[in-house]
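2 protein chains.
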Amino acid sequence: MNKMVICCAFLMVSFLVSAEDGSKLWLRGKAVSAEVAAKRQIVIHSESIVVGLASKELEQYWAGSSVELIVDKKLKKLKDGYTISSSGRGLTICAGEEIGLLYGAYHLLRLQQEGKDLQRIAIEEIPDYDVRMLNHWDNLDGSIERGYAGQSLWKWEDLPRTISPRYAQYARANASIGINATVLNNVNASPQILHSDYLVKVKALADIFRKYGIRVYLSINFSSPKILDGLENSDPSNKEVQRWWKSKVKEIYTLIPDFGGFLVKANSEGQPGPQDYGRTHADGANMLADALKPYNGLVMWRAFVYSPTKEDRAKQAYLEFMPLDGQFRDNVIIQIKNGPVDFQPREPFTPLFGAMRQTAGMVEFQITQEYLGFSNHLVYLAPLFKETLDSDTYADGSGSTVAKITDGTLRPAYKTAIAGVANIGEDENWTGHHFAQANWYAFGRLAWNHALSSEQIAEEWLKQTFTDEQQFLKPMIHMMMTSREAAVNYMMPLGLHHIFAFDHHYGPEPWGDRQGGRPDWMPWYYHNANSAGLGFDRSATGSNAVSQYFPPLDRIYGDLETCPENLLLWFHQVPWSHKMKNGHTMWEELCYKYDEGVQQVRQFQKVWDGLESHVDSQRFAAVQSKLRIQAQDAIWWKDACLLYFQTFSKQPIPYDIERPIHELEDLKKIKLNMSYHN
Amino acid sequence: MNKMVICCAFLMVSFLVSAEDGSKLWLRGKAVSAEVAAKRQIVIHSESIVVGLASKELEQYWAGSSVELIVDKKLKKLKDGYTISSSGRGLTICAGEEIGLLYGAYHLLRLQQEGKDLQRIAIEEIPDYDVRMLNHWDNLDGSIERGYAGQSLWKWEDLPRTISPRYAQYARANASIGINATVLNNVNASPQILHSDYLVKVKALADIFRKYGIRVYLSINFSSPKILDGLENSDPSNKEVQRWWKSKVKEIYTLIPDFGGFLVKANSEGQPGPQDYGRTHADGANMLADALKPYNGLVMWRAFVYSPTKEDRAKQAYLEFMPLDGQFRDNVIIQIKNGPVDFQPREPFTPLFGAMRQTAGMVEFQITQEYLGFSNHLVYLAPLFKETLDSDTYADGSGSTVAKITDGTLRPAYKTAIAGVANIGEDENWTGHHFAQANWYAFGRLAWNHALSSEQIAEEWLKQTFTDEQQFLKPMIHMMMTSREAAVNYMMPLGLHHIFAFDHHYGPEPWGDRQGGRPDWMPWYYHNANSAGLGFDRSATGSNAVSQYFPPLDRIYGDLETCPENLLLWFHQVPWSHKMKNGHTMWEELCYKYDEGVQQVRQFQKVWDGLESHVDSQRFAAVQSKLRIQAQDAIWWKDACLLYFQTFSKQPIPYDIERPIHELEDLKKIKLNMSYHN
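Chains as they are written, first to last, in full-length UniProt numbering: chain A, 1 to 678; chain B, 1 to 678.
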């Protein structure tokens, strides 16, 4: 009897060990044997924790020659980067800062996992951005705004006493791709995060993350002085308020000496801010910057502002912030969403990039797929990130890409930064969809080196996460590379945007309307479908948002004939009969694009199913299941949008296209219960 | 104000007039103008109501030359058929019976609607069956068992006082295609139908139908004597019982002198019957036949019997009835479902056809689509009907088709008959799906002339019901002709059968099982999926049902290598790896067939949508909507069956096939609320 119990227990353990739940992310190196370890040495010259960690990772997983880790404070040009070089005796990693050695160690392990040639190595890596940051939109009650991978990782109730092992796993994963900053809480911030009770919890996390080179930041509520401590107001010109912030910042830095700073959403979507007291964004940001400056802390001040006025929502950030250019402290960075509306499947870049010549700006991407099928759809985001980063603003002439504007090349800054809204939750596999891990990975890799190609990142990630077999890699790289365009096709092709279902933003609702609701939250505000055509006229005859772009973009975007077709309906209200470059009318092209999206997802299913033998059964089945949902959703999107827009175009869907299988009236009745999402 | 009311009223009327709700069926001739009518004469020589009706139809709709209607009692060889001939003065319709003239008149009007050349006509039409009968499975409470076009047409509560105009419309439609018999009530019969209160209601209907040559029949409950009048039992050897039936029959014929007879479901699925008293089907049928014989009434005794024994359900009718061959009265006809199980998408013919050499047999088809997608799926049934009628039983050597066995050619009979379970309800368009009208039409036409091709019937029906434009006809005939095979493909290809969801028989439920339920009501009883293969072994190594067929069919069906592939899984348990004629394995072929079904329905959608300009908007939209449901259902079927059978085959679905978009476990949870169906 005893024997049997033992046997069962053993089986269970072995099952748990072999279960491929995705929890290991891309960190799947195998521990080396004592025999292999005995053949090489990992040499360090420091007792620092970070260097010790670098050594420990190599001791455990590095199967190559000996490695020496050297910190040389003179190597300032490397920033927190590193060099790796080979000689007869083995490899040497050099860095100007200790953390550089950890990054170098992960680089080596990545090369090993990728099966790269490790004989002759001569690598120099200098990160493109100083601050490579995740924004967690996690609430203190454990929910996550726009989170689709379960509840928050941060167990605020258990902290600081109970420390989940996942905190260190999280930090290790981030360090392995160079992420060095994390904002723990939602930009719609609870004032409570600054309460002393919470700061000791934050400290507990910061103490763990520090070992991995990660600084903690917090989102703050601008009304915190009034709410937390009963000040009369939170007016930035109020000396008491200023004193309150100074004192609070001091309290934080006493607990967390390497605290990063504040992320602020102010006077946006109902959040309090300096405008409540007749002050400007600059007044508010500078007050916080002054409090943080003695500690080298930063203020990330978000440009995501818009009001329900008559002015085109896409223009408002520019209109509010441009007059303030030059008024911000040097430790303030304006955090600007990649597109001027809101993380849509496709947007042009926000025209603020490059336009603010005397103010630091940074890009905010959304890694979590609020507008891209949550954690149900396989959408690889590197191409979306790259599309913004590589966009030429023409601010300083041709070649003034968003990347060069924000990475310090064209606009030297106190600190450069880049942020991604995290897609991480407490799900076993961290991100809900196994392939959403790739978006976390890609954000980190691009924050380090925005010149990396999307293909290269996909290949790296696939090799580490799944297998390096070519029969698997080739089709899967292709799938990942086309997946974002597929989503654009079946959701919002040709520059359509924000025709999502109200609030949850999962499915289609181009017909969406709410009595008395804000127009700029209604799909009709964005698509403007009528019997004449479709799209938002942002040309000179319309909102003239094109004028916010530097020449020649204002002209290119502003002219129906030169506007890129993938942004056509963003910038123009286009007649249904408008001839596209391929000879289709706009209506026909819209139909073909939606259908192409559906067919692309069908193809993804075929490819994935055909690769079953290359993937463990657990992840195979999970991804297969998600792709089925994606296929259903793609058909849903196509049918909803085409049947709805057809009520305006009054034209048949081209007959060679797969026909709708839904009734518009039935689709209008769908109400998803999304309460578990925020 | 008054003006406006009038105006609105006018608009409403004109809307109602132009509304194409399908209520006109295939009878869409336009009333001729007085001018046209004046140019020709309709000449009759009889004051009979039926002849008057024939004349009236021609007066109203015939736009050709003069027509003379002649009854010649000597023309017995025509039965209730007719000739139509042309001469210089016009056309002549001759018939041996008055009703023949009405049929002839409808024939002329059909030719006119089809746009046929009417100059030189020489037609002789003799019906293949004497009794061309609809079976209504209508309950006295207005519900219809397996009815999908609304409640029953028969308003029992209002009868006999209130006469719906639809009774005459129904009769006219039937007469126009030669149907001359109708069983008003469900074979699962309420004894109440024989109550005197109900018989006066039946008489009211019979009085209307008589004008159109239609005789009324009733389904009877075998326990009626006991239940209605408290007899000790309903034992056919009980003289009191025999007297009761004689008296009841007399009562009926007093009210309805041309009453047709009884349809009986006895000792089947819980219905009472002679076996309850140790008597045989012959004892029961003969008792009724003796009562009816003085009035020339008929007994249709159903062979649809099976018990939850160990014996293969498909064999049981044969086993029960063969020993009784020769024991039935000549006015008894054994009514046999086309297939040995139950109106499946595809079955072989029932082996009783031809086997009973001294007993009259007739085919029972199901026009209502219990197993073919209800009134949601476009499935043209003429090919299914023809498949049975043209099946060679080899009973009297090669060429002994079911048609020839039942139409009197090979087995002279007192009366020949054919029945179809009606798909008619109170829906505006009669049959729920506009294209289900074609199945009513096709049954009538084949009951008259089983040599007609399915294409010809489809063309006739389309021309009359929609349009005679060739651009419409060609693709629609093709769609109709392939529609039944498409349904077989996406529901139950290769001879699979009865894997429907429990009770309602709409969707797939191959996994279906009920604790303690009858095995022969469970899908696993029929598909026998296991790790070895799929299908029901009815060969000599299995239930040996093949032995019930005449040589060489027993051999052909019994051998895996010669068995027609479209019946393979009906007759054999086939290994998953069995090589099909095209080189696929059985599993692969199963997958391709399911997929083919889905793609066929997608193609139907494309074709229909492309014909929008040829169809009125109301019927266009209605059919388009039904095709969307059919497409969704086809995918549902395919996914459910392939994902379920895959748990046994353990093999991938071929990768070039469109992938499933559902999860098996989700599909298992689907419970349709089918309470409005019976």
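For each residue, glycine too, the CB sits at the ideal point set by N, CA and C.
Checklist entry - Hey, quick one: how far does the beta strand (DSSP E) through A:Thr-335 stretch, first residue to last? => result For the sequence presented, residue 335 of chain A should be read as Gln rather than Thr. 332 to 337 is the span of the beta strand (DSSP E), which, as asked, contains A:Gln-335.
Checklist entry - So, does the CB of A:Ile-629 fall closer than 9 Å to a CB anywhere in chain B? => result Taking 9 Å as the threshold, the shortest C-beta distance from A:Ile-629 to chain B falls below it.
Checklist entry - What residues from the stretch 597 to 617 of chain A come within 7 Å of chain B, judged by C-beta to C-beta, listed N to C? => result Flagged, chain order: Arg-602, Gln-605, Lys-606, Asp-609, Gly-610, Glu-612.
Item to check | Supposed contact pair A:Ile-367 and A:Phe-353 - C-beta distance, whole angstroms, cut 8 Å | outcome: 19 Å between Cβ atoms; not a contact.
Checklist entry - Any idea what DSSP makes of A:Glu-124, helix, strand or coil? => result Here A:Glu-124 sits in strand by DSSP.
Checklist entry - In chain order, what residues of the same chain lie with their CB nearer than 8 Å to the CB of B:Ile-477, ignoring the 5 residues before and after it? => result Here the set comprises Glu-455, Ala-458, Glu-459, Leu-462.
Next on the checklist: Comparing C-alpha positions only, which one of A:Ala-419, A:Gln-60, A:Val-51, A:Leu-263 sits nearest to A:Arg-445?
Outcome noted: Per the Cα distances, A:Ala-419.
Checklist entry - Which first and last residues belong to the alpha helix (DSSP H) in which B:Thr-647 is found? => result Counting along the chain, the alpha helix (DSSP H) containing B:Thr-647 begins and ends at 617 to 649.
Checklist entry - Which same chain residues, not among the five before or five after B:Asn-678, have their C-beta less than 7 Å away from its C-beta? => result Reliability fails at B:Asn-678, whose pLDDT of 39 lies under 50, so the model's placement of it is uncertain and no value is given.
Item to check | Amino acids of chain B, ordered along the chain, whose beta-carbon sits closer than 7 Å to that of A:Ile-661 | outcome: Neighbourhood of A:Ile-661 in chain B, by CB distance below 7 Å: Arg-628, Ala-631, Gln-632, in chain order.
Next on the checklist: Within 8 Å, do at least three Cβ pairs link the stretch 17 to 30 of chain A to the stretch 43 to 56 of chain A?
Outcome noted: Note that the stretch 43 to 56 of chain A does not touch the stretch 17 to 30 of chain A; fewer than 3 beta-carbon pairs, one per stretch, sit closer than 8 Å.
Next on the checklist: Can you check which of these residues, B:Arg-484, B:Asp-468, B:Ser-55, is closest to B:Lys-386 by C-alpha distance?
Outcome noted: Out of B:Arg-484, B:Asp-468, B:Ser-55, the CA that lies nearest to the CA of B:Lys-386 is found in B:Arg-484.
Checklist entry - Taking C-alpha atoms, which residue in B:Leu-231, B:Tyr-167, B:Leu-255, B:His-584 lies nearest to B:Gln-244? => result Looking at the sequence shown, residue 244 of chain B is not Gln but Trp. Its Cα nearest to that of B:Trp-244, the residue B:Leu-231 stands out among B:Leu-231, B:Tyr-167, B:Leu-255, B:His-584.
Item to check | CA-to-CA distance, A:Lys-203 to A:Ile-333, given in whole angstroms | outcome: Each residue's alpha carbon lies about 24 Å from the other.
Item to check | Min CB distance B:Glu-47 to chain A below 9 Å | outcome: Answer no: the Cβ-Cβ gap between B:Glu-47 and chain A never drops below 9 Å.
Next on the checklist: Quick check for students: name the residue ranges of the alpha helix (DSSP H) that lie wholly in the stretch 124 to 212 of chain A, counting only runs of 4 or more.
Outcome noted: Within the stretch 124 to 212 of chain A, the complete alpha helix (DSSP H) runs of at least 4 residues are 165 to 176, 196 to 210.
Checklist entry - Of all the beta strand (DSSP E) runs that stay within the bounds of the stretch 350 to 411 of chain B, which reach a length of 3 or more residues? => result DSSP runs (the beta strand (DSSP E)) wholly in the stretch 350 to 411 of chain B: 360 to 366.
Next on the checklist: Below 8 Å on the Cβ atoms is my contact criterion, and I expect A:His-136 with A:Thr-92 to pass it. Report the Cβ-Cβ distance as a whole number of Å.
Outcome noted: Between A:Thr-92 and A:His-136 the Cβ distance is about 36 Å, and since that is not below 8 Å, they are no contact.
Item to check | Rounded separation between B:Ala-487 and A:His-504 - CA only | outcome: If you take the alpha carbons of B:Ala-487 and A:His-504, they lie about 38 Å apart.
Next on the checklist: Quick check: the Cα distance between B:Phe-328 and B:Asn-530, rounded to an integer number of angstroms?
Outcome noted: In a straight line, the C-alpha of B:Phe-328 is about 44 Å away from that of B:Asn-530.
Item to check | Listed by chain order, chain A residues near B:Pro-652 by CB distance under 7 Å | outcome: Under the 7 Å cutoff, chain A gives Asp-609, Glu-612.
Next on the checklist: Please state whether the Cβ-Cβ distance between B:Gly-213 and B:Ile-42 is less than 9 Å.
Outcome noted: At the C-beta level, B:Gly-213 and B:Ile-42 stay beyond 9 Å of one another.
Checklist entry - Beta carbon of A:Arg-602, beta carbon of B:Arg-628: below 9 Å? => result Result no, Cβ atoms of A:Arg-602 and B:Arg-628 do not sit closer than 9 Å.
Item to check | Range of the contiguous alpha helix (DSSP H) that encloses B:Met-586 | outcome: B:Met-586 -> alpha helix (DSSP H) spans 586 to 610.
Checklist entry - Taking Cβ-Cβ distances shorter than 7 Å, what residues in chain B pair up with A:Glu-658? => result By Cβ distance, chain B contributes Arg-602.
Checklist entry - With a cut-off of 9 Å, does the C-beta of A:Ser-625 fall near any C-beta of chain B? => result Yes, A:Ser-625 counts as interfacial toward chain B.
Next on the checklist: Is B:Ile-670 close to chain A? Criterion is C-beta to C-beta, closer than 9 Å.
Outcome noted: Chain A, which has no Cβ nearer than 9 Å to the Cβ of B:Ile-670, makes this no.
Next on the checklist: Pull the bridge partners of B:Arg-302 from the DSSP assignment, please.
Outcome noted: When beta bridges are read from the DSSP output, B:Arg-302 appears opposite B:Gln-335.
Checklist entry - In chain order, what residues of the stretch 125 to 138 of chain B put their CB closer than 9 Å to some CB of chain A? => result Cβ contacts with chain A: none found.
Item to check | Between the CA atoms of B:Ile-424 and A:Ala-149 - distance to the nearest angstrom | outcome: The C-alpha of B:Ile-424 is placed about 52 Å away from the C-alpha of A:Ala-149.
Checklist entry - Where B:Ile-177 and B:His-662 are concerned, what is the direct C-alpha to C-alpha distance, given to the nearest angstrom? => result If you draw a straight line from the Cα of B:Ile-177 to the Cα of B:His-662, it is about 44 Å long.
Checklist entry - Between the C-alpha atoms of B:Thr-112 and B:Pro-236, what's the straight-line distance to the nearest angstrom? => result Per the sequence shown, residue 112 of chain B should be read as Gln rather than Thr. One alpha carbon belongs to B:Gln-112, the other to B:Pro-236, and they sit about 53 Å apart.
Checklist entry - Quick one, which of A:Ala-451, A:Val-187, A:Tyr-394 has its alpha-carbon nearest A:Ala-382's? => result Among A:Ala-451, A:Val-187, A:Tyr-394, the Cα nearest to that of A:Ala-382 is on A:Ala-451.
Next on the checklist: Suppose you measure from the CA of B:Ser-66 to the CA of B:Ser-164; what does that come to, to the nearest Å?
Outcome noted: The straight-line gap from Cα to Cα measures roughly 34 Å.
Item to check | Against chain B: residues of the stretch 369 to 390 of chain A by CB proximity under 9 Å | outcome: Taking a C-beta cut-off of 9 Å against chain B, none of the residues of the stretch 369 to 390 of chain A qualify.
Checklist entry - Can you tell me where the beta strand (DSSP E) with B:Ser-86 in it begins and where it stops? => result Note, B:Ser-86: beta strand (DSSP E), 82 to 87.
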